[in-house]
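Protein sequence lines correspond, in order, to chains A and B.
Mapping the first sequence onto the numbering used here, position 22 (from 1) lands on 22, and the numbers just tick up by one.
In short: position in the second sequence from 1, add 242, done, that's the numbering used here.
Idealized CB from N, CA, C, for every residue including glycine.
Just so we're clear, the structure is a prediction, and the values are computed from it rather than from any experiment.
2 protein chains.
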Amino acid sequence: MFVLDKKEGIPFYVKIREALRAEIEGGNLKRGQKLPSEEELANQYGVSRMTVRQGIADLIDEGLVYRRHGVGTFVAFPHVERDHSRLTNFFETASKEGISVQARLLDLEVSPARQRIAKALDIAEGDLIIRIKTLRYADDVPVTLHEAYVPHVLFVKLLEEDLETQHLWTLYERYGYRVKRAVQKLEAREADHELAVLLQIEEGAPILFKERVIYAEDGTPVEFTYCYNRGDRYSLTVTLER
Amino acid sequence: MFVLDKKEGIPFYVKIREALRAEIEGGNLKRGQKLPSEEELANQYGVSRMTVRQGIADLIDEGLVYRRHGVGTFVAFPHVERDHSRLTNFFETASKEGISVQARLLDLEVSPARQRIAKALDIAEGDLIIRIKTLRYADDVPVTLHEAYVPHVLFVKLLEEDLETQHLWTLYERYGYRVKRAVQKLEAREADHELAVLLQIEEGAPILFKERVIYAEDGTPVEFTYCYNRGDRYSLTVTLER
Chain A
1 MFVLDKKEGI PFYVKIREAL RAEIEGGNLK RGQKLPSEEE LANQYGVSRM TVRQGIADLI
61 DEGLVYRRHG VGTFVAFPHV ERDHSRLTNF FETASKEGIS VQARLLDLEV SPARQRIAKA
121 LDIAEGDLII RIKTLRYADD VPVTLHEAYV PHVLFVKLLE EDLETQHLWT LYERYGYRVK
181 RAVQKLEARE ADHELAVLLQ IEEGAPILFK ERVIYAEDGT PVEFTYCYNR GDRYSLTVTL
241 ER
Chain B
243 MFVLDKKEGI PFYVKIREAL RAEIEGGNLK RGQKLPSEEE LANQYGVSRM TVRQGIADLI
303 DEGLVYRRHG VGTFVAFPHV ERDHSRLTNF FETASKEGIS VQARLLDLEV SPARQRIAKA
363 LDIAEGDLII RIKTLRYADD VPVTLHEAYV PHVLFVKLLE EDLETQHLWT LYERYGYRVK
423 RAVQKLEARE ADHELAVLLQ IEEGAPILFK ERVIYAEDGT PVEFTYCYNR GDRYSLTVTL
483 ER
């Protein structure tokens, strides 16, 4: 066990940890860059590999670096951290954190609702829905593929709107439906070929998948969404009460 | 566009969908089993591949089957669905769903707290913590690796308890700390070698990762946890209000 005694100086592993942190924050070690090996760091700082490992363990805990088994330790990219204690949208969260956000419209089409989506939106199977498929960027990096389905009968005017600069929720509100509540299911999945290409990641890379139904104040389900978030750039925070 | 007209009979894709559903629910197609190819199904039912695809799309939406790019479509395993509208524990949720749950204690040790964990638990770096590492099974399948860290000073008696049959929260309560609130961060990650072995999945498979701090009614942080859930067997549902 180590002792934190100011008179004795700080422990070696804390020195290593803070030295690495300074290298990362100062930009000498860039995001995505591989750290020198434990052996190289041990030689460089004149400490044991165990001490190096202890220092790095703290940085992994913090999320500043991450380890890939058999490959090495890398400087992490900052995540878009969504606070899901309250229902917020991507644009609200990101802009609060000073992240620049963009949306690119990939597809906009009217088609008959499949079973699952019809059920969720409380319409009949085969009723028309509008599918709005957008790719969302945080600081110019594609982070989320967003596929929203909305009842055509409620939001036919959406088809004439600029969906890259206006947020869907703002538009729903303009048409009389104020977003109030969302029920969402979260899963970890693998990126398929399409996602890998769009999100600029490898096929099989981890995706934080959300499926959600959004309800207006009067209880009307206004949107069913599939949301595919890059695992290495996206995290969610939730506060729960017992 | 298709029309749902009872007089005309049901559309072909619905017939395919319901036939496949019956095969799965009846057990002719088992969990994890690959579905016949679109071509085989098209021949079998005398319909077009497009019709087969449409029927399968509904089952994918529902989560009854899943597609692996370039490999095929498979019958899905049931997920442990955790409802996170309220703070519940794995054992409460699973037993409510009729899933049999077991915990296996992998490791129990006392060690000095690393920086991140000390901060979260509001203790000093290097203060003693108890690490409780358990593997959790749902219906005999390993689903979650659970690593809890608790302050030694609060819960020294835990070391004498049977941690496989009693839930941690019950024990905290016995020692005067009633669990009230949790703040948790969710991410999608890749399984490393250790996780792959423990959870019986492939290295690199998706993991729903949770990091959380649990607070007692008086605000004391009682537990810091890393929780690694198999992506193919675990999903979370959250309800959010604006």
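Outcome for residue i when other beta-carbon atoms lying within 10 angstroms are tallied against a minimum of 16
i      : result
B/V245 : Because the pLDDT at B/V245 is just 33, under 50, the model does not fix this residue reliably, and the value given afterwards should be weighed accordingly. Under this definition B/V245 is an exposed residue.
A/A124 : exposed
A/A22  : exposed
B/L400 : buried
B/Q275 : exposed
B/T376 : buried
A/S100 : exposed
B/I252 : exposed
B/K248 : Per-residue confidence for B/K248 stands at a pLDDT of 43, beneath the threshold of 50, marking its modelled position as unreliable; no derived number is given.
B/R356 : buried
B/T412 : exposed
B/G461 : exposed
B/V294 : buried
A/Y175 : exposed
B/R378 : buried
A/K96  : exposed
A/V150 : buried
A/E25  : exposed
B/V256 : buried
A/T165 : exposed
Interface partners of residue i on chain A, CB under 8 Å
i      : result
B/I449 : A188 and P206
Chain A residues whose Cβ lies nearer than 7 Å to that of residue i
i      : result
B/K375 : Going along chain A, no residue has its Cβ under 7 Å from B/K375, so there is no contact; the nearest lies around 15 Å.
B/G473 : E187, A188 and R189
Neighbourhood of residue i by C-beta distance below 6 Å, restricted to the same chain and skipping five residues each side
i      : result
A/V213 : A120, V183, P221 and F224
B/T335 : R324
A/R31  : V75 and F77
Residues of its chain near residue i, where Cβ-Cβ distance is below 7 Å and the 5 sequence neighbours each way are ignored
i      : result
B/A474 : One detail in the question is off: residue 474 of chain B reads as Asp in this sequence, not Ala. Closer than 7 Å at the Cβ level, and outside the excluded window around B/D474, lie F319.
A/R49  : E38, E39 and A42
A/M1   : Because A/M1 sits at a pLDDT of 30, beneath the cut-off of 50, its placement in the model cannot be relied upon, and the point is left open.
B/I443 : A433 and R472
B/I302 : Y308 and R309
A/R17  : G55, D58 and L59
A/H279 : The question about residue 279 of chain A has no answer, for chain A in this structure spans 1 to 242.
A/F91  : V101 and H167
A/E217 : R178 and K180
A/D139 : I99 and S100
B/H321 : R475, Y476 and S477
A/G46  : none
A/E161 : L171
Residue i - containing alpha helix (DSSP H), residue span
i      : result
B/H388 : Careful: B/H388 lies outside any alpha helix (DSSP H), inside the beta strand (DSSP E) at V383 to P393.
B/I252 : Run containing B/I252: none; DSSP gives neither H nor E here.
A/R253 : One cannot answer for residue 253 of chain A here, as it falls past the ends of chain A, which runs 1 to 242.
B/Q357 : Q357 to L363
Residues that residue i contacts on chain B, provided the C-beta gap is smaller than 9 Å
i      : result
A/V183 : S327, T479, V480, T481 and L482
Close Cβ partners of residue i (< 8 Å) along its chain, the five nearest in sequence each way excluded
i      : result
A/T88  : R82
A/T73  : K34, L35, I56, I60, V65, Y66 and R67
A/L108 : I130, R131, I132, K133, L159 and L163
A/G63  : A76 and H79
Residue j beta carbon less than 9 Å from that of residue i
i      : j      : result
A/I132 : A/L105 : yes
B/R328 : A/R68  : no
A/T239 : B/R423 : yes
B/S477 : A/L195 : no
B/L441 : B/P384 : yes
A/I130 : A/H146 : no
B/P354 : B/G368 : yes
B/P448 : A/A188 : yes
A/T144 : A/Y215 : no
Limits of the unbroken beta strand (DSSP E) element including residue i
i      : result
A/F74  : G72 to V75
B/T335 : No beta strand (DSSP E) contains B/T335, which is instead part of the alpha helix (DSSP H) from F332 to K338.
A/D83  : V80 to D83
A/V52  : A/V52 -> not in any beta strand (DSSP E); alpha helix (DSSP H) instead, spanning R49 to E62.
A/V156 : No beta strand (DSSP E) contains A/V156, which DSSP labels as neither H nor E.
A/Q200 : First-last for A/Q200: undefined, no H or E at that position.
B/T376 : L370 to A380
B/R416 : Here B/R416 belongs to no beta strand (DSSP E); instead the alpha helix (DSSP H) covers L410 to R416.
B/A284 : First-last for B/A284: E280 to Y287, but that is the alpha helix (DSSP H), not the beta strand (DSSP E).
B/S486 : Nothing can be reported for residue 486 of chain B: it is not among the residues displayed for chain B, which extend from 243 to 484.
B/L450 : P448 to A458
A/L186 : V179 to E190
B/R310 : V307 to R310
Where residue i meets chain A, residues with beta-carbon distance less than 9 Å
i      : result
B/K422 : E241 and R242
heavy atom of the ligand MG below 8 Å from residue i C-beta
i     : result
A/R67 : Among the components modelled here there is no ligand, and therefore nothing to report on the ligand MG.
Partner residues on chain B for residue i, Cβ-Cβ distance less than 7 Å
i      : result
A/R116 : D300, D303 and E304
A/H193 : H311
8 Å Cβ cut-off: residues of chain B touching residue i
i      : result
A/E203 : H311
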